[in-house]
Each structure stands twice: as C-alpha cells, then as structure tokens.
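Read through the structure below, which is laid out as structure tokens, and then see the notes.
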Amino acid sequence: MRMFNDDFALADYHVHPNFSVDAEGAIEDFCASAREKSICEICFTTHFDTNPASSEWGRSIRVNGELKINSVENFGHYVRAIEKAGEDSPMVIKCGVEVGYYPGCEDEIRELTETYPIEYKLGAVHEIGDFDICTEKDIKRVSANMPLEKLADDYFGLVKKMVETGLFDAVAHMDMYKWYGLKYFGDNILTIHRGRIENVFESMVRHNVGMEINTAALRKGHAEYYPSMEIVNMARKTGVRIAAIGSDAHRPSEIGFDFDAAKMVAYDLFPYTNE
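Residue numbers for the sequence shown follow this note's numbering, so the first one is 5 and each next one is one higher.
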C-alpha cells in the first residue's frame with residue numbers, strides 16, 4: 005500500500021495576487037493564508053496576457069491599485085514585489101508567470117524571461133481567435149454556431165503550438181474549456197480530448213513540458229480537477245510529467261484548495277513508502 009510522508013511540505017504553484025486584474029489580495033495576504041494551511045512554498049503566477057484581440061482590461065496588470073497595460077516593463081513591478089516578499093518571509097516564495105499564449109507572442113515572452121528571474125513559466129490557452137474560453141458570454145455565443153469538434157481541434161492545436169515554442173515549464177489547466185463548456189456543449193465535452201490530445205502529449209515529452217494538477221475546477225462546480233483523471237492517466241502513459249499542484253487561487257482563502265486530496269492524484273511529487 006502506498007503511504008505518503010505527511011511531513012512533506014505542500015507547495016502551491018498557481019497563485020494570483022492582486023497584480024492579476026481578476027484577483028483580490030496582496031502577496032502578504034496569500035502568504036498568511038498559506039501558513040495557516042501548512043503550505044510552506046508558494047509560486048505566484050501573475051497573468052501576462054498581451055493578446056491584441058483581448059479587451060484592454062484583459063491585457064492589463066494592476067500596479068499600486070491602478071490598471072496598466074501588461075508589458076515587460078510593467079511586469080517588473082510584480083517581480084520586484086515578489087523578490088521583496090521573499091526577503092522577509094520564512095516561506096519559500098517563488099516568482100512565476102501564467103502566460104496567455106497566442107501565436108505571435110513568442111518574442112515578447114522571450115524578452116520577459118530574459119529580463120526577469122522567472123522561476124516557473126505556466127503556458128495557458130485562454131483564447132481561440134476572438135473568443136475567450138474562460139467567459140460564459142463567449143462560450144454561450146460560440147456554442148450556437150461552432151461545433152464542439154471544431155473548438156477542440158482549434159484548442160489542442162494551439163496548446164501543441166504553445167508547447168513547441170519551448171518557452172514553458174508546464175501547461176496550465178489542460179481541459180479548462182469545460183468550465184463553461186459543459187453547460188453549453190453537454191457531456192460530450194468531457195471526452196472530446198480523445199484522439200486529439202495524444203499528439204499534444206508527444207510534443208510535451210519531446211520538449212520536457214509538464215502538466216499541472218489544478219484544483220480550481222472543483223471550486224467551479226466540476227466533479228474533477230483540471231485536467232480530468234482520464235487525461236492525467238493518458239498523460240502518464242505517454243510519459244508526460246506532473247509538474248506541480250496549483251490551486252489557481254485568486255483570493256487568499258482559495259490557496260491550497262483541496263490539496264490533501266490532490267496529492268493523491270499528483271503522487272509523483274511526493275515521497276512514499278510501500279507497506
């Protein structure tokens with residue numbers, strides 16, 4: 005029987021402080037919440053979205069309470085805040101980023117990662133063309149005139165292209181399209197990855213890109229994490245590594261959400277003994 009070492013420190017590798025425009029709470033608030041939950045390491049992953057097809061709000065970063073357009077220069081405010089927090093904290097605090105990938109962003113991402121000491125680079129596909137898979141309004145609109153198969157082909161095509169840039173450490177919330185998609189496309193969305201995701205996994209292995217276990221799906225009313233257990237098992241069989249567990253916290257209270265259960269899924273990350 006597999007027995008976990010309960011003394012192994014939990015780490016949350018997907019956390020958004022209020023530099024992300026859709027997040028609430030300062031860095032120190034997340035750290036305080038983490039300590040209460042015995043989480044000893046945080047990797048903050050503020051959004052870096054610069055897609056010109058996005059709204060101005062979606063392309064922004066919050067600096068000292070004001071919204072500024074996300075850029076390599078403006079992202080520096082976040083990086084310096086993380087560095088300062090790490091100097092004063094008994095916790096391990098790392099500087100990461102969640103990049104909203106779109107074709108054409110590669111040079112800017114290279115500049116970002118060459119300018120700052122970013123320790124963990126999450127790549128995410130939030131948008132397909134002119135619609136945002138993370139907003140109910142756009143998913144509802146698209147579901148009326150786009151077949152699910154087309155959405156899935158486009159989505160996994162973008163994820164594969166993102167992986168093959170070699171710019172990222174891990175893919176964020178692999179099947180996040182189900183967030184609102186399940187409501188408007190029905191149960192077929194839970195298996196639409198079959199026959200499409202396999203070549204993405206092959207690219208991930210070639211480029212040594214991992215996959216996160218993201219617990220936020222349970223907060224959003226889904227029965228499984230991002231990604232589903234079926235996708236996790238498919239990934240493992242292909243040789244894709246589990247990079248980290250992330251709560252995708254956008255508020256301090258969400259940090260470490262469901263991690264006691266998540267470590268059973270991401271058992272690769274934890275020491276254990278066989279008894």
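For each residue, glycine too, the CB sits at the ideal point set by N, CA and C.
- Positions of the beta strand (DSSP E) runs, each at least 3 residues long and wholly inside the segment 43-68, are given as 43-52, 64-67 in order along the chain.
- GLU140 sits close to TYR184, with the two beta carbons spaced by under 9 Å.
- For LYS98, the enclosing beta strand (DSSP E) starts and ends at 96-104.
- From the listed residues GLU131, MET95, ASP158, LEU171, the smallest Cα separation to LEU116 is found for LEU171.
- The shortest CA-to-CA distance from ILE97 to any of GLU45, ASP136, GLU123, ILE73 is the one to GLU45.
- With fewer than 16 other Cβ atoms inside 10 Å of its own Cβ, ARG114 counts as exposed.
- A direct Cα-Cα distance of roughly 21 Å separates ALA247 from CYS35.
- Under the rule that a run must span 4 or more residues, the alpha helix (DSSP H) segments found entirely inside the segment 183-237 read 202-210, 220-223.
- Judged by their CB atoms, VAL167 and ILE217 are not nearer to each other than the 9 Å cut-off.
- Counting along the chain, no alpha helix (DSSP H) covers LEU171, and no H or E run does either.
- Secondary structure at ASP16: strand, using DSSP grouped into helix, strand and coil.
- For GLY133, DSSP records no beta bridge to any residue.
- Relative to HIS226, the option among ILE259, LYS187, PRO151, ALA239 whose CA is nearest is LYS187.
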